[in-house]
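Everything on this sheet refers to the single structure shown next.
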Amino acid sequence: MTETRQIRLLIIGPPGAGKGTQAARIVERYGVPWISTGDIFRANIKAGTQLGQRVSALIEAGKLVPDDLTNEIVADRLRRDDVENGFLLDGYPRTVDQVHALDGVLQSDARALDAVVLLEADTDVVVERLLKRAETEGRVDDTESVIRHRQEVYAAQTKPLIELFETRGILVPVDGLGTVDEVSERLFSALDAKLAD
Ligand code: B4P
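Residue numbering for the sequence shown follows the working numbering, beginning at 194 and increasing consecutively.
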């Protein structure tokens, strides 16, 4: 089913939980643009831009890109016309500071988030998935030690956001274990229910 309506979504979860995989399906279903900060950074690294040069060592080491830089990129992206009917943010916000920056951008245009999908999966599963991706895609941040570091960064900096979104009543937790289709099915039924609230 493909439908178009104004919806503003986030997808968060530990690295390897399947965010990018499920994000591709969400944007198809709801007809909104997909904004992945990870993809923006990787495209800039590949193209050798100034931004790419600034962030490549950080990403390679599994560290977060500084908030001010990331916030500016997303604020810029959210000024484009194609987000009029909504958007899916994938991998942003990742820190409390980024949540506040996003709140500022959305409030200034009287926009608000409709739902935050939290894709949950335990560490052993996600490490295994990312090691498998390393074999096929060769991403520089998919070595075992960097993967483990990215999990620690997630626990320290991004996990605290879950409570924040829960307090706002927009959190949609989804079990990320199982096949990609099983997870999508679960995700869509939980998200549709939240959007119908
Ligand atoms: P991201 O691109 O967001 O990387 P990620 O967390 O690993 O998620 P990704 O979407 O790629 O993987 P997924 O879980 O879908 O960020 C990369 C880096 O950019 C960060 O480390 C940071 O340095 C920087 N960055 C990005 N955003 C930032 C921000 N806001 N602030 C600061 N820095 C930022 O999938 C993983 C694998 O699992 C895939 O191979 C997939 O095929 C597989 N998979 C998915 N679902 C599966 C399933 N159900 N079963 C089996 N395998 C599955």
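In this text, a Cβ means the ideal position worked out from N, Cα and C, and glycines have one as well.
query                                                                                                        : result
Backbone CA spacing between Glu314 and Gly211 [nearest angstrom]                                             : Per the sequence presented here, residue 314 reads as Ala, with Glu not at that position. Cα to Cα, Ala314 sits roughly 9 Å from Gly211.
Whole runs of the beta strand (DSSP E) within the segment 194-256, excluding any shorter than 3 residues     : 200-205, 227-229
Reduced DSSP category for Glu277 - H, G, I as helix; E, B as strand; rest coil                               : coil
Alpha carbon of Ser382 to alpha carbon of Glu253, nearest angstrom                                           : 36 Å
Gly297, buried or exposed, once every other Cβ within 10 Å from all chains shown has been counted against 16 : exposed
Glu321 versus Leu384, Ser229, Leu282, Leu370, residue with shortest Cα-Cα distance                           : Leu370
Residues near Leu244 in its chain [Cβ-Cβ closer than 7 Å; skip 5 each side]                                  : Asn237
The segment 215-229 contacting the segment 276-294, beta-carbon criterion three pairs below 8 Å              : yes
Below-8 Å beta-carbon distance, Asp274 vs any chain B residue                                                : No chain B appears in this structure, which consists of one protein chain only.
Cβ contact check for the segment 318-337 and the segment 262-270: 3 or more pairs under 8 Å                  : no
Inter-residue Cα distance where the pair is Ile294 and Asp260                                                : It is worth fixing the name first, because residue 294 is Ala in this sequence and not Ile. Between Ala294 and Asp260, the C-alpha separation is close to 9 Å.
beta-carbon Leu323 near the ligand B4P non-hydrogen atom, thresh 7 Å                                         : yes
Same chain only: Cβ atoms within 6 Å of Gln350, ignoring 5 sequence neighbours per side                      : Thr288
Which listed residue (Ala308, Arg343, Pro366, Val376) has its alpha carbon closest to that of Leu251         : Arg343
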